[in-house]
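To start, the structure under review is shown below, and the notes come after it.
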Amino acid sequence: MLFSTVPVIAQISPGQLASVHSHLEGISNCTHCHTLGDKVTNDKCLSCHTEIKARLDLHKGYHASSEVKGKNCTSCHSDHHGLTFQIIRFDKEKFNHTLTGFTLSGAHSKKVCKDCHKAEFIANGKLKSKKFTYLGLNTNCLPCHTDYHQKTITAPCLNCHGDAAFKPAPKFNHASAKFPLQGMHQTVPCVKCHPVTMTNTIKFQQFSGILYKQCSNCHTDPHHGQFGPNCMSCHSEASFHTVKGISNFDHFKTKYPLENKHQGVPCKSCHKTNVTDPVKHSRCFDCHSDYHYGQFAKQGVIPDCSGCHSTKGFTGTSFTIEQHNSANFKLDGAHLATPCFACHKKQEKWSFRQIGIRCADCHKDIHEGFINKKYYPDNNCSICHNPSHWGEVSFDHSLTQFAITGPHATLSCRACHFKKDSTGVDQQQFADMSANCSNCHKDNHNRQFETNGITDCLRCHNASLWKITTFDHNKTTFKLDGKHQNVACAKCHKTVTEQNITYVLYKIKDTRCESCH
Amino acid sequence: MSYTHKLYIFALSAIVLVTFALLCYYGYSYYRLPLEERFFHQGHTLLKPGGGWGHGFGIIGSLSMILGIVLYMVRKRSRFLGRFGLLKHWLEFHIFLCTLGPVLVLFHTSFKFGGLVAVSFWSMVAVFLSGVIGRFIYIQIPRTIEGRELSLNEVRDLKSNIGTILSESYKLDEESYNLILDSTKRKVELYEKNVFLKFTRKYFNERKTISSVKAAVKKNNLSRADRKEVVNLVKHDITLNRRIDRLVTMQNLFKYWHVAHLPFAIVMLIIMVIHVGVTIVLGYRWIF
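Chains A and B, in that order, give the protein sequences.
Position 467 (the first sequence) corresponds to 473 in the working numbering; numbering is contiguous.
Position 287 (the second sequence) corresponds to 358 in the working numbering; numbering is contiguous.
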C-alpha cells in the first residue's frame, strides 16, 4: 500500500518543482534553495539568478522598484506546485510597467508582453537563449525598432518621436532645427523638403544633410535671376506672394517701371491678388477702365489712353490742338483758349462724340427773340460773330433799315443794342428799333427842335460828322448879318437851366436887340 | 445512555462535523483548484500547508491524534488512570481526537498527497478507517459497563425472560404469545457461501419477524407504550441472538484488527516525526 501510494519513496519534497527548476529535484538539492532554519532566502535565489541580482545592484528594473524592494522572492515566485507551475505569473493587464523603469504609454500600451519581450530584441546572449524572459530589453528604441533614418540621425529617437505613433514626430520642433520653419514653410508637407527615397532597398526619408541656406536650394527662381539671388530681400516666409519691404521695392527693375502718378498708387490697386502674380501691363486698360466708355473706339478697338493721357495725371491730356484740328471741329480763336470741359463736359460725363459742331450746340443764343432769324439763319452765329473775338461782329447793318455810316460804324453793337434797364441790367434790343436819333442819342437841346414830337437831328447834324456844317442861321427867324456874323454863338445862345435841365437856348423867342444888348 | 453522556457525544460529534463543514466552506474555492493554480489564490498564504492556518491545522491535528492515542493507550494500560472514568468514555474521546485530528491534517495537506509525508497521511487514513471498522467490531462484542468483554455464557444470561414478562405484564392471546416467544429464539442458520447474501437474508428475516410481532401486539389491543416496549424486548433479544451467533467471530476479528490498526498508527507517527523534523530544519515553525 505504501509503495503504491508513494511513487518515490523517501521523497520529502512537498511537491514537484516547476519545469524551470526541475534540475533541482532530489533530496540532495534542497539546500540549493532552502536555507536550514531560515526557509527560502533571497540570497539563495539571487545566487542563481545573477541577472536579477545585477539589476538590483544597479537599482534598476522592476525588482528594484518600491513595489518589490524588501519582499521575499517567494512571496511572488513559489515552487513545488507541479511541473507546469508558472513561477512567473502576474496580472498582465494590471501590471504597472512604470515600475520596471519603462513606462508603457501610447502605442506601447496596446502591445502584449510578447510583442516586445522576445529573443530577437535581447542583446545579452545568456538571456537570449532562455525560452522566455522579461529581462534583457533595453529602454532605447533601436533594439526593438528599425532605424528608419538609417543612422543618418544621431539624436535619441525620443527627442522627436512620441510613443503614440512613429508618425508624426510630435516632439520634433523644427524651430530648434538649423532651419526653423516660419510662415508658409510651416504648412509645407514634410515630404516636399524631405524627400522619400528607396535607400538600401528600404523606404527612407532624408532629414539630415539637406541644403537649406539658399532659397533656390528648394525653390525655383521664377524671376530667372532678374532680381538677384537674394529672394529674402523682397519675399518673406510668410508667403512667397507677400513681399516684405515693398516700399523699398525697385519697380524699375520690372518690365513696368512705375512713373509719375503710378508711383503713388497702392500696390494692391494693380496687384489685385498677390504682388508676385503676373499683372498685364501693356495697355492702360489692363488696369484702368475706359473712362470714356468706348467713345474713342474705332472699328471696335479702343485706342490706348496714352494717346491723350500720360502717367502724370489723367486730368491733363497730351491731345494737341493740331490733333483736335484734324478732327471735325477745328479749334481757333477763343476756342483755343476754351478748356476742354467747356465743350466736352456739358453734363456730368465727358462727351467726345456727337456733341455737335454748330455754335448753338455749345453756346446759348442770347439773341433768341431779339434778332430776327432772317439775319442768322440756322442759328449760324458766325454770320455776325467769329471764334476769335465774340465782340467782333461782322454784321452787315445795311441789311437792316438802318445802314451804319460815319461814327456809327465805329460804335460797338452794344452801344446801340444794349441798354441798361432800370435795375442796371443790360437789355438787348435788335428788333423794332426806331431809326430816330433820339432813340439812341440824348436831346441836348431840351426838345427845342422837336416837330410833331420828333426831333430830326439830321436837319442840323450830319451822321458822319456831328459837328454842324450845314446849318444856315439865315433860314431862321433871325438872320445873321453884319456884326452878328462874327459873334460867337454863345454870346447870344446862352446856357440856361430850366426845370433842372441845363441846355443852350437856341430858340430865342425874343429877338429884339435889347433882349441881348 | 444518560442524557449527559448523550450531550457529551453530541458535542464531540458536532465539533468534528462543524470543523469539517467550516473548513470545507472557507477553503472550497482554494482546495478545488489545481495545484498549479493555488499559489495565485488569495487564500494561499493562509491555507497552504505551511500557511498561517494550514500549518496550524497540521500541528493541531497531529497533536490531537497523538494525544488521543497516548491518552487511550495509557488509560488502557495504567492502573492509576483506571480509576478515572469509564474506559468506554475514554474510547469515545480517543475516537473524537483521532477523528478531529485526521480532519485537520486532511486540510493541512490541502488535499495534496505526495512525497514521503503522503505515507504518513495514508497511514493515518488507514488507521482512521480501521478505527471505524474496529469500532464496529467493538460494539459487536457485548461488554460490561467498564468495557470488559463478556463471555458467551454471560451474554446468554443477558437475554430477558421474555416469556415471563409477557405473561405477567401483558394480556396476549396464545397465538400472539407463542409468536413473540418464537421470534426471540435463536435460529439454526442454513449454510450460505455468500456472506453478504447470508447477512442480507438474515436482516430481512429479522425485519419480517419484527413486523409480525408488531402485528401481533396490535391485534391484542395493547396501549401504544406497551406495544413499543414489547417490540423493543423482541429487538433486544434478536440483537443478542445475532451477537451470540457472531461473538466468536468478532472476538477473533478484533484480535486481528489490533494487528492492523497499531502498525499503521506507528508508521504514521514515525513519518510524521520525519516530516515535522524536516519542516523545522528548513525553518518552518508556524507561530513559534
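Quick reminder that beta carbons are idealized off the backbone N, C-alpha and C, glycines included.
Query raised in the report: In this structure, does DSSP put A:VAL249 in helix, strand or coil?
Result: If you number the first sequence from 1, residue 249 of chain A lands on position 243. Here A:VAL249 sits in strand by DSSP.
Report task. Tell me, please, whether the CB atom of B:ARG314 is closer than 9 Å to any CB atom in chain A? Result -> If you number the second sequence from 1, residue 314 of chain B lands on position 243. Not one chain A Cβ lies under 9 Å of B:ARG314.
Requested in this report: Kindly say whether A:GLN22, judged by its beta-carbon, lies nearer than 9 Å to any beta-carbon of chain B.
Outcome: Reading the first sequence from its first residue, position 16 is the one you call residue 22 of chain A. Chain B, which has a Cβ nearer than 9 Å to the Cβ of A:GLN22, makes this yes.
Report task. Please list the partners that A:PHE91 has in chain B, where partner means a Cβ-to-Cβ separation under 8 Å. Result -> Numbered from its first residue, the first sequence carries residue 91 of chain A at position 85. Neighbours of A:PHE91 on chain B, chain order: LEU106, GLU107 and PHE110.
**Report entry** Nearest residue (CA-CA) to A:GLU504, options A:PRO345, A:ALA60, A:HIS451 and A:HIS123
**Finding:** By 1-based counting over the first sequence, the position of residue 504 of chain A is 498. Here the closest residue by C-alpha is A:HIS451.
Query raised in the report: Would you call the CB atoms of B:CYS360 and B:ILE204 closer than 9 Å?
Result: Outside the modelled stretch of chain B, which goes from 72 to 359, sits residue 360 of chain B, for which no answer is possible.
Report task. To the nearest angstrom, report how far apart A:PHE258 and A:LEU264 are at their CA atoms. Result -> One-based indexing of the first sequence puts residue 258 of chain A at position 252. One-based indexing of the first sequence puts residue 264 of chain A at position 258. Cα-Cα distance, rounded: 6 Å.
Query raised in the report: DSSP on A:SER72, reduced to helix/strand/coil?
Result: To locate residue 72 of chain A, count along the first sequence from 1; it is residue 66. Coil, per DSSP.
Query - B:HIS179 at chain A interface by Cβ criterion, 9 Å - result: Numbered from 1 along the second sequence, position 108 holds the residue referred to as residue 179 of chain B. It does not: the Cβ of B:HIS179 has no partner Cβ on chain A nearer than 9 Å.
Query raised in the report: Taking 8 Å as the cut-off, is the CB of B:CYS95 close to at least one heavy atom of the ligand PLP?
Result: Questions concerning the ligand PLP fall outside what the structure shown contains, since it holds no ligand whatsoever.
Query raised in the report: What residue range is occupied by the uninterrupted alpha helix (DSSP H) comprising B:VAL302?
Result: In the second sequence, residue 302 of chain B corresponds to position 231, counting from 1. Where B:VAL302 is concerned, the enclosing alpha helix (DSSP H) stretches over 295-352.
Query raised in the report: Helix, strand or coil for A:VAL194 per DSSP?
Result: Residue numbering aside, residue 194 of chain A sits at position 188 when the first sequence is read from its first letter. Of the three classes helix, strand and coil, the one that applies to A:VAL194 here is coil, per DSSP.
Requested in this report: Given a cut-off of 9 Å, decide if A:VAL46 and A:CYS54 are closer than it, judged by their beta-carbon atoms.
Outcome: Translated into positions along the first sequence, residue 54 of chain A becomes position 48. Translated into positions along the first sequence, residue 46 of chain A becomes position 40. Not a contact, by the Cβ cut-off of 9 Å.
**Report entry** Pairwise C-alpha distance: A:HIS155 and A:ASN206
**Finding:** As a position in the first sequence, residue 206 of chain A is number 200, starting the count at 1. As a position in the first sequence, residue 155 of chain A is number 149, starting the count at 1. Computed Cα separation, rounded: 11 Å.
Query raised in the report: In chain order, what residues of the same chain lie with their CB nearer than 7 Å to the CB of A:ARG359, ignoring the 5 residues before and after it?
Result: Walking along the first sequence from the start, residue 359 of chain A turns up at place 353. Around A:ARG359: GLN301.
**Report entry** Beta carbon of B:GLU220 nearer than 9 Å to that of B:ILE212
**Finding:** Mapped onto the second sequence, residue 220 of chain B falls at position 149. Mapped onto the second sequence, residue 212 of chain B falls at position 141. Yes; because the gap between Cβ atoms is below 9 Å, this pair is in contact.
Query raised in the report: Whose CA, out of A:ILE252, A:CYS495, A:GLY459 and A:ASP449, lies closest to the CA of A:THR508?
Result: As a first step, residue 508 of chain A must be located in the first sequence, where it is residue number 502. Nearest of A:ILE252, A:CYS495, A:GLY459 and A:ASP449 to A:THR508, Cα basis: A:ASP449.
Query raised in the report: By how many angstroms is the C-alpha of A:LEU217 removed from the C-alpha of A:ASN223?
Result: Translated into positions along the first sequence, residue 223 of chain A becomes position 217. Translated into positions along the first sequence, residue 217 of chain A becomes position 211. Roughly 6 Å separates the two Cα atoms.
Report task. Inspect the beta-carbon positions of B:GLY132 and B:VAL174 and report whether they are closer than 9 Å. Result -> Numbered from 1 along the second sequence, position 61 holds the residue referred to as residue 132 of chain B. Numbered from 1 along the second sequence, position 103 holds the residue referred to as residue 174 of chain B. Contact flag set, yes.
Report task. Kindly list the residues whose CB is nearer than 7 Å to the CB of B:TYR102, restricted to its own chain and excluding five residues on each side of it in sequence; keep chain order. Result -> Translated into positions along the second sequence, residue 102 of chain B becomes position 31. Counting only Cβ-Cβ distances below 7 Å, and skipping sequence neighbours, we find SER181 and PHE182.
Query - Close Cβ partners of A:SER444 (< 8 Å) along its chain, the five nearest in sequence each way excluded - result: The residue you call residue 444 of chain A lines up with position 438 of the first sequence. Cβ within range, chain order: ILE460, THR461 and CYS463.
Query raised in the report: What do you get for A:PRO413, buried or exposed, if any count of 16 or more other CB atoms within 10 angstroms of its CB means buried?
Result: Within the first sequence, the letter at position 407 stands for residue 413 of chain A. With fewer than 16 Cβ atoms within 10 Å of its Cβ, A:PRO413 is classed as exposed.
Query raised in the report: Taking C-alpha atoms, which residue in A:SER115, A:LEU511, A:ARG420 and A:GLN92 lies nearest to A:VAL502?
Result: As a first step, residue 502 of chain A is located in the first sequence; it is residue number 496 there, counting from the start. When each option's Cα is compared against that of A:VAL502, the closest is A:LEU511.
Query - Residues near B:ALA287 in its chain [Cβ-Cβ closer than 8 Å; skip 5 each side] - result: For the purposes of this step, residue 287 of chain B is taken as residue 216 along the second sequence, with counting starting at 1. LEU243, GLU246, SER247, LEU250 and ILE251, listed in sequence order.
Requested in this report: Mind reading off the beta-carbon distance from A:ALA171 to A:HIS87? Whole number of angstroms is fine, and I expect it under 8 Å.
Outcome: As a working note, residue 171 of chain A is residue 165 in the first sequence. As a working note, residue 87 of chain A is residue 81 in the first sequence. Going by Cβ atoms, the distance from A:ALA171 to A:HIS87 rounds to 42 Å, so no, they are not a contact pair.
Query - Bridge partners - A:GLN433, DSSP secondary structure assignment - result: On the first sequence, position 427 is the one that residue 433 of chain A refers to. According to DSSP, which records beta bridges pairwise, A:GLN433 is partnered with A:LYS425.
Query raised in the report: Leaving out five residues before and five after B:ILE80 in sequence, what residues of the same chain have Cβ atoms less than 7 Å from its Cβ?
Result: Indexing the second sequence from 1 puts residue 80 of chain B at position 9. Excluding sequence neighbours, B:ILE80 sits near GLU163.
Requested in this report: Quick one: residues in its chain with C-beta nearer than 8 Å to the C-beta of B:VAL87, no 5 flanking neighbours on either side, listed in chain order?
Outcome: As a first step, residue 87 of chain B must be located in the second sequence, where it is residue number 16. For B:VAL87, where only same-chain residues beyond five positions count, the Cβ hits under 8 Å are PHE167, THR170, LEU171 and VAL174.
Query - 8 Å Cβ cut-off: residues of chain B touching A:LYS45 - result: By one-based count along the first sequence, residue 45 of chain A stands at place 39. The contacting residues are LEU353, GLY354 and TYR355.
Query raised in the report: According to DSSP, which residues form a beta bridge with A:MET204?
Result: Taking the first residue of the first sequence as position 1, residue 204 of chain A is located at position 198. In the DSSP output, where bridge partners are listed per residue, A:MET204 has A:LYS209.
Query raised in the report: Going by C-alpha distance, which of A:HIS294, A:ALA340, A:ILE308 and A:LEU337 is nearest A:GLY319?
Result: Counting from one through the first sequence, the residue named residue 319 of chain A turns up at place 313. Selected option, being the one with the closest Cα: A:HIS294.
Report task. Let me know if A:GLY270 comes out buried or exposed under the rule of 16 or more other beta-carbons within 10 Å of its beta-carbon. Result -> Looking up residue 270 of chain A in the first sequence gives position 264. So A:GLY270 counts as exposed.
Report task. Name the residue from A:THR152, A:GLN433 and A:SER71 whose alpha carbon lies nearest to the alpha carbon of A:CYS419. Result -> For the purposes of this step, residue 419 of chain A is taken as residue 413 along the first sequence, with counting starting at 1. Selected option, being the one with the closest Cα: A:GLN433.
Query raised in the report: For B:TYR99, is the classification buried or exposed, using 16 other Cβ atoms within 10 angstroms of its Cβ as the cut-off for buried?
Result: Sequence index remark: in the second sequence, residue 99 of chain B carries index 28 (1-based). Counting Cβ neighbours within 10 Å, B:TYR99 comes out exposed, since fewer than 16 surround it.
Requested in this report: Could you tell me which chain B residues have their CB closer than 9 Å to the CB of A:SER135, listed as they occur along the chain?
Outcome: Translated into the one-based positions of the first sequence, residue 135 of chain A becomes position 129. Correct list: empty, because the minimum Cβ distance to chain B is about 25 Å.
Query - A:ARG61 in three-state terms, based on DSSP - result: Counted from its first residue, the first sequence places residue 61 of chain A at position 55. It is helical.
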